[in-house]
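The sequence shown begins at 53 in the working numbering and counts up one residue at a time.
All residues carry an ideal CB built from backbone N, CA and C; glycine is no exception.
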Amino acid sequence: MEKMAMANIEQEPHQRYLSELYKRLGGAMRLGLERTEAFMEYLEHPETSFPSIHVAGTNGKGTIVAAAARILECCGLKTGRFTSPHLMKFNERIRIDGEMISDKQLDYTINKWQAWLDSHDISFFEICTGLAFYEFRRQQVDAAVVEVGLGGRLDSTNVLLPRVSVISQIDYDHTNILGEKLAEIAAEKAGILKRGVPALLLSQARESQNKILEKAKEQEASIKVVDPADYAEIEELKPTGMRIILKEYKRSFWVNLTGRHQLGNILLAIEAVKLFLGGEKLKAEALAEALATIYWPGRFQQLQKEPAVFYDVAHNAGGFKALLNLVKELFPKDRPAFLIALLRDKAAPEILSMVKEADADLYICGIPDSHRAMDPGELCDLGERFQVPSYPSLTDALPVLERRNNKNPLIIAGTHYIANEIQRYWLSKWELLDDTRHIF
Numbered sequence: 053m054e055k056m057a058m059a060n061i062e063q064e065p066h067q068r069y070l071s072e073l074y075k076r077l078g079g080a081m082r083l084g085l086e087r088t089e090a091f092m093e094y095l096e097h098p099e100t101s102f103p104s105i106h107v108a109g110t111n112g113k114g115t116i117v118a119a120a121a122r123i124l125e126c127c128g129l130k131t132g133r134f135t136s137p138h139l140m141k142f143n144e145r146i147r148i149d150g151e152m153i154s155d156k157q158l159d160y161t162i163n164k165w166q167a168w169l170d171s172h173d174i175s176f177f178e179i180c181t182g183l184a185f186y187e188f189r190r191q192q193v194d195a196a197v198v199e200v201g202l203g204g205r206l207d208s209t210n211v212l213l214p215r216v217s218v219i220s221q222i223d224y225d226h227t228n229i230l231g232e233k234l235a236e237i238a239a240e241k242a243g244i245l246k247r248g249v250p251a252l253l254l255s256q257a258r259e260s261q262n263k264i265l266e267k268a269k270e271q272e273a274s275i276k277v278v279d280p281a282d283y284a285e286i287e288e289l290k291p292t293g294m295r296i297i298l299k300e301y302k303r304s305f306w307v308n309l310t311g312r313h314q315l316g317n318i319l320l321a322i323e324a325v326k327l328f329l330g331g332e333k334l335k336a337e338a339l340a341e342a343l344a345t346i347y348w349p350g351r352f353q354q355l356q357k358e359p360a361v362f363y364d365v366a367h368n369a370g371g372f373k374a375l376l377n378l379v380k381e382l383f384p385k386d387r388p389a390f391l392i393a394l395l396r397d398k399a400a401p402e403i404l405s406m407v408k409e410a411d412a413d414l415y416i417c418g419i420p421d422s423h424r425a426m427d428p429g430e431l432c433d434l435g436e437r438f439q440v441p442s443y444p445s446l447t448d449a450l451p452v453l454e455r456r457n458n459k460n461p462l463i464i465a466g467t468h469y470i471a472n473e474i475q476r477y478w479l480s481k482w483e484l485l486d487d488t489r490h491i492f
């Protein structure tokens, strides 16, 4: 969602391209493909220059993209990756073989397009999409894995004709745009399905699953429902990852992500790559290397060992349900603490009710630097309503939580847009897990 990006853009003098992007943030959401199609025509249709996997859904689609891209890389394919939003730096959104696009290249490309951009009313995310597809063509990638920005049917990435389409879990999010009912949201996500393009769907609630299957039939798209129980089982679950047994390979694999909710995402990525490769078999050795080296920060990411501190970007009811189940499974004897950063346009009461019912200590904080910051009065009212401490910001809350007199785990969650603040705090206050200078 283009308006979301503002909080995480920190401009530096050598990043001139950010000025062009930044000025296009805000304003009303404008879904539709007309502007992107005009942009693609100006760029001489880079979207047709590479085979792709297109991923939609509410939760988990970023994980699917990261996993599928890593598997393709380990198969020896030069692979582009387009995701959103970013955690620390805009460049994270566009990667080739894991490497972010450079500031220099972004500056050069935006400068080259400047006259056209000045004469067209094109949005932040539409430019992002053009940058990704243009770079994938310029770098002559063998494959690209592309995450839908919002919805699917009218998302700018939907100018693609992919080799494989993937739809992850559908849940309630952006209901003011996509609809109030699961079936309505599912119909928008199913808009990425195309005639003749094989598709994968994660097994899920009947209402959303049936709607997507109905749309697939209308589009004459073959679709396979992936039920994790049919493909794999979890052998070991740890805070830092999990060991899974894949039935097809009759062996175990270590996955550098954790959680039962992530198993379905990993399986969708594997099945998508198998479809992408066609007759070529996905070798166990390449798969093992890929799963063990997936890098997707902000997904139950451990920031500190003693006492344990984790960060997760869960920001809707579905994401928090998965997060709460994971914490309960990993720490069954502990009473965890949750620090939830809140934006004004998220379903805060529903999320806070879920955490309160989970027998956990709850704290809330605002994100004052965001243009979507919750009004301080509203934040205080929520604190009083749920009888929990509230703080103006993450950096106000963390010193208090640091002084807790117990060793129960702390989970920081609620949004992507606190990653910079988390990193600044940990670099200045707490010991990192390793010797690197960055958490993310």
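Apply the 10 Å Cβ neighbour rule to Ala184 and answer buried if 16 or more other Cβ atoms are within range, or exposed otherwise.
With 16 or more Cβ atoms within 10 Å of its Cβ, Ala184 is classed as buried.
Comparing alpha-carbon positions, which option in Leu315, Ser405, Pro214 and Gln271 lies nearest Asp279?
Considering only alpha carbons, the answer is Leu315.
List in chain order: all unbroken beta strand (DSSP E) runs of 3+ residues lying wholly within the region 407-472.
Whole beta strand (DSSP E) segments, 3+ residues: 413-417 and 462-465.
Local conformation of Met92 per DSSP, three classes
Three-state result, Met92: helix.
Answer yes if the region 319-335 comes into contact with the region 210-218, meaning at least three C-beta pairs across the two stretches below 8 Å, and no otherwise.
With the cut-off at 8 Å, the region 210-218 and the region 319-335 touch.
Just the C-alpha distance for Asp173 and Leu95, rounded to the nearest angstrom, thanks.
Rounded to the nearest angstrom, the two C-alpha atoms are 16 Å apart.
Put Phe362 into one of helix, strand or coil per three-state DSSP.
Taken through DSSP and simplified to helix, strand or coil, Phe362 comes out as strand.
Per the contact definition of three or more C-beta pairs closer than 8 Å, is the region 356-370 in contact with the region 457-468?
Touching, yes.
If we ignore side chains and look at the alpha-carbon of each, how far apart do Ile501 and Leu453 end up?
Since the first residue shown for the chain is 53 and the last is 492, residue 501 is missing from the structure and cannot be characterised.
Going by C-alpha to C-alpha distance, which of Met294, Gly331 and Ala389 sits closest to Thr345?
The shortest Cα separation from Thr345 among Met294, Gly331 and Ala389 belongs to Met294.
Contact between the region 121-141 and the region 237-247: three or more CB pairs below 8 Å?
Cβ pair count under 8 Å is below three, so no.
If you run the structure through DSSP and keep just helix, strand and coil, what is Lys276?
Three-state DSSP puts Lys276 in a strand.
Whose C-alpha, out of Ser136, Glu285 and Val197, is nearest the C-alpha of Lys130?
With distances taken between Cα atoms, Lys130 lies closest to Val197.
Report yes if the CB atom of Leu446 is closer than 8 Å to the CB atom of Glu473, and no otherwise.
The beta carbons of Leu446 and Glu473 sit closer together than 8 Å.
What is the DSSP secondary structure of Ser220, counted as helix, strand or coil?
Coil, per DSSP.
Outcome for Trp478 when other beta-carbon atoms lying within 10 angstroms are tallied against a minimum of 16:
Buried: at least 16 other Cβ atoms inside 10 Å.
Do you know offhand how far Pro441's Cα is from Leu434's?
Each residue's alpha carbon lies about 9 Å from the other.
From the DSSP output, read off the bridge partner residues of Gln356.
According to the DSSP secondary-structure assignment, Gln356 is paired through a beta bridge with Val361.
Check for me: the beta strand (DSSP E) holding Lys290 runs from which residue to which?
Boundaries of the beta strand (DSSP E) around Lys290: Ala284 to Lys290.
Would Tyr347 be called buried (16 or more neighbouring beta carbons within 10 Å of its own) or exposed?
Exposed: under 16 other Cβ atoms inside 10 Å.
Can you name the start and end residues of the beta strand (DSSP E) that Glu199 belongs to?
Segment Ala195 to Glu199, the beta strand (DSSP E) holding Glu199.
With a CB to CB cut of under 7 Å and the five nearest residues on each side skipped, what residues in its chain are close to Glu341?
These residues qualify, in order along the chain: Cys126.
What number of angstroms, rounded off, separates the C-alpha of Thr310 from the C-alpha of Ile116?
Each residue's alpha carbon lies about 13 Å from the other.
C-alpha distance - Lys380 paired with Ser101, whole-angstrom precision
Distance between the alpha carbons of Lys380 and Ser101: 46 Å.
Check the DSSP bridge columns for Trp306 and list the partner residues they point to.
For Trp306, which the question treats as bridged, DSSP gives the partners Arg295.
Among Ala400, Gln256 and Asp225, which residue has its Cα nearest to the Cα of Gly466?
Gly466 has its Cα closest to that of Ala400, out of Ala400, Gln256 and Asp225.
With a 10 Å radius around its C-beta and 16 neighbouring C-beta atoms as the bar for buried, classify Gln493 as buried or exposed.
Residue 493 cannot be examined here, being either before or after the span of the chain that is shown, 53 to 492.
Close Cβ partners of Arg247 (< 8 Å) along its chain, the five nearest in sequence each way excluded:
Around Arg247: Gln271, Glu272 and Ala273.
Buried or exposed: Pro137, going by 16 or more other Cβ atoms within 10 Å of its Cβ?
Looking at its Cβ environment, which holds 16 or more other Cβ atoms inside 10 Å, Pro137 is buried.
Boundaries of the beta strand (DSSP E) in which His106 is found, first to last residue:
Element bounds for His106: Ser104 to Ala108.
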